[in-house]
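Worksheet for the structure shown next.
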Amino acid sequence: MKIVVCVKQVPDTTDVKINPETNTLVREGVASITNPFDEFAIEEGLRTKEKYGGEVHVITMGPPQAIEVLKNALAVGCDKVYLVSDKAFAGADTLATAYAVTKTIEHIGGADLIFCGKQAIDGDTAQVGPGVATRLGIPQLTYVCKVREIHVEQKKVVVERMMENGREVVESSLPALITVVKDINEPRLPSLLGIKKAAKAQIPTLSAKDINADENRIGLKGSPTWVTKVFTPEARGGGEVLKGELTDVVPLLINKLMDSKFIK
Amino acid sequence: MARLLIDQETCTGCEACIPSCPFGALSMKDRIAVVDEKCTFCGACVDVCPVTAITLEKDEKAVTIDTSAYKDVWIFVEHEQGKVSSVSFELLGEGRKLADVLGCKLCGFVFGKEVEEFVKEAIAYGAEKVYVTESPLLEYYRTDPFACAAVNLIRKYKPEIVLFGATVQGRDFAGTVATTLEAGLTADCTGLDIDPETKYLKQTRPAFGGNIMATILDYPNYRPQMSTVRPKVFPMPARDGSRTGEVIRESLPMTEDQIRTKVLEFIKGAEAVNLADAEIIVSGGRGIGNAENFKVIRELASVLGAAVGASRAAVDAGWIPYEHQVGQTGRTVRPKIYIACGISGSIQHQAGMKTSDIIVAINKDPEAPIFKIATYGVVGDLFTVIPMVKEEFKKRLGR
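So the sequences go chain by chain: A and B. 264 is the number that my numbering gives the last residue of the first sequence; the numbers go up by one with no jumps. 399 is the number that my numbering gives the last residue of the second sequence; the numbers go up by one with no jumps.
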């Protein structure tokens with residue numbers, strides 16, 4: 001079975017701080033990491049391979065430094081990785097990104113199963129996964145918290161999806177695209193040997209031309225939406241710490257909450 | 001291709017632009033600002049440059065479609081277990097304002113096996129027209145038949161704006177519909193507005209875990225303009241059962257054998273988690289100490305009719321299932337009241353809850369970051385404070 005995992009490099013928000021004077025994001029010295037949800041996607045790809053056989057191929061689209069997330073994927077045991085990088089992709093929204101990712105998957109020969117994280121923690125859109133599935137013409141299974149079984153011969157997969165009020169058990173034909181939530185597994189750590197191997201690996205870079213992308217459908221040109229304004233939200237006021245003995249503070253707190261009319 | 005141009009002669013090296021970039025794409029080289037490939041051409045730096053050394057060159061897109069053919073504001077009327085989701089009503093309320101500014105009609109669209117009740121509700125909450133597709137194949141949500149029904153309607157009737165709730169269903173569904181239509185889609189909006197000049201939809205949404213906000217427009221050669229909108233952002237409009245509206249029916253151009261997924265069963269959670277709909281959430285973190293102690297949180301939640309949330313630390317420790325996790329790698333919530341107990345308030349946790357109307361923090365550590373964003377803070381041992389709070393509420397509410 002050929003498994004493809006789509007990953008994204010994102011800024012590590014643990015490091016992101018707000019400059020209290022200018023009220024803007026301080027991005028200097030912020031490390032880049034693999035999107036946390038994508039770590040679960042990689043792990044699920046590896047577990048699927050271990051159980052059902054096959055290969056795990058990982059792709060990422062981004063600037064040249066995004067190669068780091070691919071090295072991490074190699075270090076934990078993924079078979080092949082591809083960096084899709086081209087200035088022509090700059091400014092892509094989710095529609096143009098999904099197009100480029102789809103062209104990449106086609107270029108590397110398609111997939112029997114695709115794993116993505118539920119969403120990336122920088123943009124939080126959760127749109128690229130469904131976009132890729134739609135373009136490839138395969139079913140999508142989003143918010144998956146468990147892959148129950150895969151029937152390789154019959155080309156079927158059964159998963160559990162995490163909904164607002166419980167779990168939905170869904171059967172789908174293969175190939176399919178699965179987006180995963182955190183609960184699905186616990187990602188493994190790379191081995192020392194894996195890290196050494198990854199450090200030495202030559203990672204192929206694919207350009208827009210390599211994946212045979214239509215230049216009108218990538219980057220800013222292929223994006224229906226554009227960001228017209230970026231601003232910092234008003235800092236949340238508050239920070240009123242109720243002072244005094246708990247026997248006074250608790251009734252005071254309750255008074256304030258009852259006054260809000262939100263308690264029914 | 002777009003380009004960000006920095007005029008080397010004009011640039012004074014003042015560095016004002018560097019912190020303005022949400023993507024960290026600007027840096028200084030030989031005391032002149034330079035931009036790298038992380039630039040997304042958002043233009044944030046253009047506005048802050050005191051000497052206007054930065055300009056943004058964008059390709060003008062030729063308008064290739066007849067935008068005047070696209071009319072009306074459409075709201076997806078989502079329902080689950082026989083009830084319309086409240087976010088659909090909130091969107092009808094907000095959609096009314098947009099339709100009034102544009103001088104067009106507010107319409108609902110609803111799919112299901114039998115949807116008469118939902119159509120009535122949509123009209124009572126303000127829809128002038130409701131587009132309906134009924135079929136046994138639409139009995140419960142599945143991506144294939146729902147997307148097929150929506151694409152069919154949108155291609156035929158050409159709405160100008162289409163809004164979905166940013167729920168599990170809406171986020172699964174809207175992405176497929178937008179891709180099929182090759183239309184723009186802005187996720188998780190918290191603000192909608194019509195640009196007074198162009199009449200385009202201005203969609204505002206948080207990014208980077210709520211640390212920045214972005215306003216997004218659709219180019220005029222892509223229609224409809226589509227967004228998913230977070231629940232609980234807009235108020236519930238008033239219901240008026242005397243309203244009347246037109247109903248337009250279309251059949252589903254799909255058969256069961258074309259649908260690639262089958263729902264085998266639905267496993268209801270052991271405890272109702274529904275954080276998305278909760279008016280009040282009581283959440284526990286590392287300070288709770290163990291799984292057993294979560295009963296303190298549950299008891300307070302039960303007195304208030306609240307949902308139970310948790311921080312990542314509590315979930316990762318195995319004290320409570322992942323369904324309860326609030327924050328960046330869990331759920332984003334926006335209740336009226338969020339009571340954080342024994343939660344320090346990391347930036348990741350804040351990303352999931354800081355737009356709550358009222359935040360109450362109960363924590364031993366007066367230095368915990370949660371107090372910076374809390375409307376009301378109580379410094380103290382949660383095992384002392386929460387039972388007191390619970391008893392006091394019981395007394396006042398007569399429960």
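Every residue, glycine too, gets a C-beta built ideally from N, C-alpha and C.
Test: residue i CB closer than 7 Å to a CB of chain A
{"i": "proline 22 (chain B)", "result": "yes"}
{"i": "aspartate 240 (chain B)", "result": "no"}
{"i": "arginine 399 (chain B)", "result": "no"}
{"i": "arginine 96 (chain B)", "result": "no"}
{"i": "glutamate 392 (chain B)", "result": "yes"}
{"i": "glutamine 328 (chain B)", "result": "yes"}
{"i": "lysine 158 (chain B)", "result": "no"}
{"i": "phenylalanine 274 (chain B)", "result": "A small fix is needed here, since residue 274 (chain B) is asparagine in this sequence, not phenylalanine. Yes - at least one Cβ of chain A is within 7 Å of the one on asparagine 274 (chain B)."}
{"i": "lysine 372 (chain B)", "result": "yes"}
{"i": "phenylalanine 294 (chain B)", "result": "no"}
{"i": "arginine 260 (chain B)", "result": "yes"}
{"i": "methionine 28 (chain B)", "result": "no"}
Amino acids of chain B, ordered along the chain, whose beta-carbon sits closer than 7 Å to that of residue i
{"i": "glutamate 168 (chain A)", "result": "Val263, Phe266"}
{"i": "serine 122 (chain A)", "result": "Correcting the residue type first, residue 122 (chain A) is aspartate in the shown sequence and not serine. Going along chain B in sequence order, the residues near aspartate 122 (chain A) (Cβ under 7 Å) are Ala207, Phe208."}
{"i": "aspartate 12 (chain A)", "result": "What aspartate 12 (chain A) touches in chain B: nothing, since even the nearest Cβ is about 10 Å away."}
{"i": "phenylalanine 115 (chain A)", "result": "The contacting residues do not exist; phenylalanine 115 (chain A) stays about 16 Å from chain B at best."}
Helix, strand or coil at residue i [DSSP, three-state]
{"i": "glycine 166 (chain A)", "result": "strand"}
{"i": "asparagine 72 (chain A)", "result": "helix"}
{"i": "lysine 255 (chain A)", "result": "It is worth fixing the name first, because residue 255 (chain A) is asparagine in this sequence and not lysine. Three-state result, asparagine 255 (chain A): helix."}
{"i": "valine 7 (chain A)", "result": "strand"}
{"i": "glycine 93 (chain B)", "result": "helix"}
{"i": "phenylalanine 383 (chain B)", "result": "helix"}
{"i": "alanine 33 (chain B)", "result": "strand"}
{"i": "valine 180 (chain A)", "result": "strand"}
{"i": "cysteine 45 (chain B)", "result": "helix"}
{"i": "phenylalanine 164 (chain B)", "result": "strand"}
{"i": "glutamine 258 (chain B)", "result": "helix"}
{"i": "alanine 276 (chain B)", "result": "coil"}
{"i": "alanine 207 (chain B)", "result": "strand"}
{"i": "lysine 394 (chain B)", "result": "helix"}
{"i": "phenylalanine 37 (chain A)", "result": "helix"}
CB contact below 7 Å: residue i versus chain B
{"i": "arginine 236 (chain A)", "result": "yes"}
{"i": "proline 36 (chain A)", "result": "yes"}
{"i": "valine 250 (chain A)", "result": "yes"}
{"i": "proline 63 (chain A)", "result": "yes"}
{"i": "leucine 177 (chain A)", "result": "no"}
{"i": "phenylalanine 262 (chain A)", "result": "yes"}
{"i": "isoleucine 254 (chain A)", "result": "yes"}
{"i": "threonine 171 (chain A)", "result": "According to the sequence as given, residue 171 (chain A) is glutamate; it is not threonine. So yes, glutamate 171 (chain A) belongs to the interface."}
{"i": "threonine 102 (chain A)", "result": "no"}
Span of the alpha helix (DSSP H) around residue i
{"i": "alanine 214 (chain B)", "result": "Where alanine 214 (chain B) is concerned, there is no enclosing alpha helix (DSSP H), although the beta strand (DSSP E) it sits in stretches over 212–218."}
{"i": "leucine 136 (chain A)", "result": "128–136"}
{"i": "tyrosine 265 (chain A)", "result": "Because residue 265 (chain A) is not part of the residues shown, which for chain A are 1 to 264, the question remains open."}
{"i": "proline 19 (chain B)", "result": "17–20"}
{"i": "histidine 349 (chain B)", "result": "347–353"}
{"i": "glycine 194 (chain A)", "result": "192–200"}
{"i": "arginine 298 (chain B)", "result": "294–304"}
Residue span of the beta strand (DSSP E) that contains residue i, given as start and end
{"i": "asparagine 363 (chain B)", "result": "358–363"}
{"i": "phenylalanine 115 (chain A)", "result": "113–117"}
{"i": "leucine 153 (chain B)", "result": "Here leucine 153 (chain B) belongs to no beta strand (DSSP E); instead the alpha helix (DSSP H) covers 143–157."}
Beta-carbon neighbours of residue i, restricted to chain B and to distances below 8 Å
{"i": "methionine 258 (chain A)", "result": "Arg396"}
{"i": "lysine 51 (chain A)", "result": "Ordered by position in chain B, no residue passes the 8 Å Cβ test against lysine 51 (chain A), which lies about 20 Å from the chain."}
{"i": "glycine 239 (chain A)", "result": "Phe371, Lys372, Ile373, Ala374, Gly377"}
Close Cβ partners of residue i (< 6 Å) along its chain, the five nearest in sequence each way excluded
{"i": "phenylalanine 164 (chain B)", "result": "Phe76, Gly170, Ala174, Thr228"}
{"i": "proline 366 (chain B)", "result": "Val379"}
{"i": "valine 35 (chain B)", "result": "Leu4, Ala25, Leu26"}
heavy atom of the ligand NAP below 6 Å from residue i C-beta
{"i": "aspartate 100 (chain B)", "result": "You won't find the ligand NAP in this model; it holds no ligand whatsoever."}
Neighbouring residues, chain A, relative to residue i (Cβ below 7 Å)
{"i": "alanine 44 (chain B)", "result": "Val230"}
{"i": "alanine 183 (chain B)", "result": "Pro224"}
{"i": "tyrosine 219 (chain B)", "result": "Pro224, Trp226"}
{"i": "aspartate 39 (chain B)", "result": "The question names aspartate, but residue 39 (chain B) in the sequence shown is cysteine. Ala90, listed in chain order."}
Sequence-distant residues of its chain with Cβ nearer than 8 Å to residue i (five each side left out)
{"i": "isoleucine 3 (chain A)", "result": "Gly45, Thr48, Lys49, Gly54, Glu55, Val56, His57, Ala111, Asp112, Leu113, Ile114, Phe115"}
{"i": "leucine 138 (chain B)", "result": "Phe111, Gly112, Lys113, Pro145, Phe146, Ala149, Leu252"}
{"i": "serine 223 (chain A)", "result": "Gly91, Ala92, Asp93, Leu95, Ala96"}
9 Å Cβ cut-off: residues of chain B touching residue i
{"i": "alanine 41 (chain A)", "result": "Simply none; closest approach about 13 Å."}
Cβ shell of residue i (< 7 Å), same chain only, five flanking positions each side left out
{"i": "aspartate 122 (chain A)", "result": "Val10, Pro11"}
{"i": "threonine 67 (chain B)", "result": "Pro220, Arg223"}
{"i": "isoleucine 65 (chain B)", "result": "Asn221, Arg223"}
Residue i: contacting residues in chain A (beta-carbon distance under 8 Å)
{"i": "leucine 304 (chain B)", "result": "Ile263"}
Just by C-beta distance, which residues in the region 141–166 of chain A are closer than 9 Å to chain E? Here the protein chains are A and B, and chain E is not one of them.
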